[in-house]
Structures are given as C-alpha cells and as structure tokens.
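S.K.: Numbering-wise (this note's numbering), the sequence shown opens with residue 141 and increments by one.
Backbone N, C-alpha and C fix where the C-beta goes; we use that ideal spot for every residue, glycine too.
Quick one: structure below, then a few questions.
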Amino acid sequence: MHDRLLPAVMSVAEFSAWARLGKTRIYEEIASGALKTFTVGRRRLIATADAHDWLARYQCARPALRLVGRA
C-alpha cells in the first residue's frame, strides 16, 4: 500500500489489514508499548507515522522479515 493512499490515522482494523497481522497480535504490540496508539472517545487509533515507526523498529529487530510486494 502506498503512503499517499494512507490516511493520517488508522483504526486497529485498518492497521491489521495494512500490517497483515491479527488483532490479537496488534493488541499485544500495544500492551507491550511497541505500538503507540491514542483514543478519541471509544475509538483506538494509530497515527500512520507511528505505524511506520513500529514497522521500522520491527524490521531492525527481525531482519528476516520480508515485505510482500517490495523490491
């Protein structure tokens, strides 16, 4: 997914589709403090910049991770 298509924030469900991870794993990342979120009312949101930061840290920690669709 190209950055220009991403909104400034994502819901957990949108992040799940973007990162191709299950919601359980995402909530584990949130609980551990690895993924920053904020709430508006009852909605938990993830800033796109924080999603990219999380991915960059995850790639550094796990160099064997391959991104699908990237050259």
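Given this structure, state the Cα-to-Cα distance separating residue 197 from residue 158, to the nearest angstrom.
M.R.: The alpha-carbon atoms of residue 197 and residue 158 are separated by roughly 16 Å.
S.K.: Check each candidate in 194, 190 and 199 and name the one with the smallest Cα separation from residue 147.
M.R.: The shortest Cα separation from residue 147 among 194, 190 and 199 belongs to 190.
S.K.: Quick check on residue 179: buried or exposed, where buried means 16 or more other Cβ atoms within 10 Å of its Cβ?
M.R.: Classification for residue 179: exposed.
S.K.: Between residue 195 and residue 149, is the Cβ-Cβ spacing less than 7 Å?
M.R.: The answer is no: Cβ separation not under 7 Å.
S.K.: Name, in chain order, the residues that DSSP records as bridge partners for residue 151.
M.R.: Looking at the DSSP assignment, residue 151 forms a beta bridge with 185.
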